[in-house]
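Okay, so here's the structure we're looking at.
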Amino acid sequence: MPAHPSQIEPAGAMRADARHNRARILDAAREAFAARGLDVPMAAVARRAGVGVATLYRRFPSRESLITEVFGDELAACASVVDEALADPDPWRGFCAAIEKVCAMQVADRGFTDAFLTAFPDAIDYERTRARAEQGFAEVVRRAKAAGRLRADFDLADLTLLLKANCGAATGTAEVAGAASRRLVAYLLQSFRAEHTEPLPPAPPLTLGHLHAPAAR
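So for the sequence shown, UniProt numbering puts the first residue at 1; every next one is plus one.
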């Protein structure tokens, strides 16, 4: 049975060598998830960290506990981005800043997108933070529309489309990926403006969960 993240041995209670192993495992997992996604074998993470599989499982009894520990800070940062957007007195500026920052996070760490979309029902704090981020972004959208700056037909499904496009554009070296992402986001933000819009086709029935759905054959 997967262990609750709270059952992981606290870093402060470990000996120096154990803390060192734990840090190496987290660094290795972060690199592996970013390069290969969340399905990377735990044994591969252990090899990358230079520790035995038993040592890895002693620190992180389940894949879930490792993933939520690795991406907890990134998820909190994502929620903070949304909070900052809501706190901005200019709803359109807040909307644009949230889109730009979330897309930059996606480019910096591909594994984070998978982690954001994966359900971890035992990780109460993780799930609560993710729900706050999703609900907050919906409010960011509502405020920008109410201010007359965001086109009225913008749908939350458009966020999924944007992230899909951003993921496809952000390939190659970090420098190229970053430049491609920034230009794509700038193009799309201009198209989201309420001024001089033309009707669009209906929004597709997409949610964030469709970002990594298998392609239709």
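Here a beta-carbon is modelled for each residue, glycine too, at the ideal position from N, C-alpha and C.
Closest by CA to R183, which one among A157, R193 and A169? If you number the sequence shown from 1, residue 183 lands on position 183. Closest by alpha carbon: A169.
Does the stretch 130–147 come close enough to the stretch 64–73 that 3 or more CB-CB pairs lie under 8 Å? no
Between which two residues does the alpha helix (DSSP H) holding S191 run? Within the sequence shown, the letter at position 191 stands for residue 191. First-last of the alpha helix (DSSP H) with S191: A174 to F192.
Measuring straight from C-alpha to C-alpha, what distance separates A85 and A98? Position 85 of the sequence shown, counting from 1, holds the residue named residue 85. Position 98 of the sequence shown, counting from 1, holds the residue named residue 98. Rounded to the nearest angstrom, the two C-alpha atoms are 6 Å apart.
Output the distance between the C-alpha atoms of D17 and A23, rounded to the nearest integer angstrom. Counted from its first residue, the sequence shown places residue 17 at position 17. Counted from its first residue, the sequence shown places residue 23 at position 23. One C-alpha to the other measures close to 10 Å.
Could you pull the start and end residues of the alpha helix (DSSP H) that T171 belongs to? Stepping through the sequence shown from its first residue, residue 171 is reached at position 171. Per DSSP, T171 belongs to no alpha helix (DSSP H) and is neither H nor E.
DSSP bridge partner residues for L150 (one or two, in chain order): Numbered from 1 along the sequence shown, position 150 holds the residue referred to as residue 150. L150 is bridged to R193.
So, at 8 Å on beta carbons, what are the nonlocal neighbours of V51 in its own chain, with the 5 sequence-adjacent residues on each side left out? The residue you call residue 51 lines up with position 51 of the sequence shown. Excluding residues within five positions, the ones whose Cβ falls inside 8 Å are N21, R24 and I25.
Buried/exposed call for T207, threshold 16 Cβ in 10 Å: Here residue 207 corresponds to residue number 207 of the sequence shown, with the count starting at 1. It is exposed - the Cβ of T207 has fewer than 16 other Cβ atoms within 10 Å.
Given 8 Å as the limit, is there contact between the stretch 76–95 and the stretch 44–60, that is, 3 or more CB pairs closer than that? no
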